[in-house]
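To start, the structure under review is shown below, and the notes come after it.
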Amino acid sequence: LSAIPVVLLPVVGIVEKRLPEVPHLLVRSCMVAAITGVAYLIPSFTQVLSVIGACTENLLVIVLPIWMYHNTFGRLPGAKGVLQVGLDALLCIISFTVLCITVGS
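Residues in the sequence shown are numbered consecutively from 394, following this note's numbering.
Next up, the structure:
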């Protein structure tokens, strides 16, 4: 429950910038009402959120740090670079496998 404001903050910020004449309280109240309506309309909404959460958490914890590291520091030269890319690919494959196993159960 406490994660909802953190997740909604970027979306609310974008909407508030596009509608500067609308009061912030009205924008936030409408966003919460819309999300609550969607949650009631979709059956098994908790399972949908579980799948979305698993995918985004896996991406944020495993894939993005590896990608950011490669963009920041580049690949190591020689055999160390090949080993580095191989281990990173293995880590991504393992994390994707764990994601598929946990979502499937």
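Glycine is no exception: its CB is placed at the ideal position from the N, C-alpha and C atoms.
- Residue 491 and residue 477 have their C-alpha atoms some 21 Å from each other.
- Residues of the same chain with a CB within less than 8 Å of the CB of residue 424, apart from the 5 flanking positions on each side, are 401, 404, 405 and 408 in chain order.
- Taking the CA atoms as reference points, residue 473 sits about 44 Å from residue 439.
- Under the three-state reduction of DSSP output, residue 414 falls in the coil class, being neither helix nor strand.
- In the structure shown, residue 435 falls within a coil segment according to DSSP collapsed to helix, strand and coil.
- Between residue 488 and residue 451, the C-beta gap is smaller than 8 Å, which places the two residues in contact.
- In this structure residue 445 does not touch residue 485 by the C-beta definition: roughly 19 Å separates them, more than the 8 Å allowed.
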